[in-house]
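Asker: Under our numbering, residues 3 to 148 are what the sequence shown spells out, in order. The structure that follows is given in the form of structure tokens.
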Amino acid sequence: MAEYVQVARRAVGQLGGHGGIRGLLYQLLRVNDVKTGALVGVDKYGNKYYEDNRYFFGRHRWVIYTEEMNGKRTVWEVDGSMVPPEWHRWLHCMTDDPPTTHPLQPRKFIWQDHRFNLSGTAAQYVPFSTTRKKVHEWVPPPLSSK
3 MAEYVQVARR AVGQLGGHGG IRGLLYQLLR VNDVKTGALV GVDKYGNKYY EDNRYFFGRH
63 RWVIYTEEMN GKRTVWEVDG SMVPPEWHRW LHCMTDDPPT THPLQPRKFI WQDHRFNLSG
123 TAAQYVPFST TRKKVHEWVP PPLSSK
């Protein structure tokens with residue numbers, strides 16, 4: 003009987019942690035997960051980082067992405083590259099200290115303004131090739147006007 007009480011208590015905690023049934027369903031549809039935990043911090047883009055040590059290692063830290071980043075609406079199109087480098091190291095357990103308590107040391111190779119992955123868009127990076135093509139596309143002969 004005590005097990006059922008504990009399950010009911012966790013269900014009520016999940017509902018309260020997400021703001022009711024509507025918030026719980028929104029979170030489930032958006033992230034496919036309904037975890038609750040302690041808010042560790044928020045980055046400058048609005049991503050929220052949580053931790054709950056009751057979950058097993060590797061699943062005990064997670065991020066709830068912002069709804070807009072760098073002018074792009076990201077409600078349904080979340081991407082792992084939306085996490086800035088200072089939070090990436092905490093999220094992947096490279097350190098136990100979040101950037102809210104131990105800020106990242108400034109380095110010359112870390113961007114000040116983080117950008118997410120632009121692959122598949124018009125702004126994607128396309129490298130310039132310095133070698134000749136091995137296969138050439140067919141170009142139809144011009145129509146001669148008579």
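Where is the CB? At the ideal position from N, CA and C, for every residue including glycine.
Can you tell me whether I66 is buried or exposed? The criterion is at least 16 other CB atoms within 10 Å of its CB, across all chains shown.
Answerer: Looking at its Cβ environment, which holds 16 or more other Cβ atoms inside 10 Å, I66 is buried.
Asker: How would you call H116, buried or exposed, if buried means at least 16 neighbouring beta carbons within 10 angstroms?
Answerer: By the neighbour-count rule (16 or more Cβ atoms within 10 Å), H116 is buried.
Asker: Using only the alpha-carbon positions, how far apart do V33 and D81 sit?
Answerer: Each residue's Cα considered, the two are about 11 Å apart.
Asker: Could you pull the start and end residues of the beta strand (DSSP E) that R63 belongs to?
Answerer: Run containing R63: 63-66, per the beta strand (DSSP E) assignment.
Asker: Closest to R63 by C-alpha separation, out of W89, S83, W78, would be which residue?
Answerer: The shortest C-alpha separation from R63 is found at W89.
Asker: Going by the CB atoms, is the gap between L31 and I186 shorter than 8 Å?
Answerer: Since the first and last residues shown for the chain are 3 and 148, residue 186 lies out of range.
Asker: Report the residue from W92, K136, E79, M96 whose alpha carbon sits nearest the alpha carbon of Y52.
Answerer: If we check each option's Cα against that of Y52, W92 comes out closest.
Asker: Within a Cβ cutoff of 8 Å, which residues of the same chain sit near Q126, ignoring the five residues on either side of it in sequence?
Answerer: Cβ neighbours of Q126 beyond the five flanking positions: L120.
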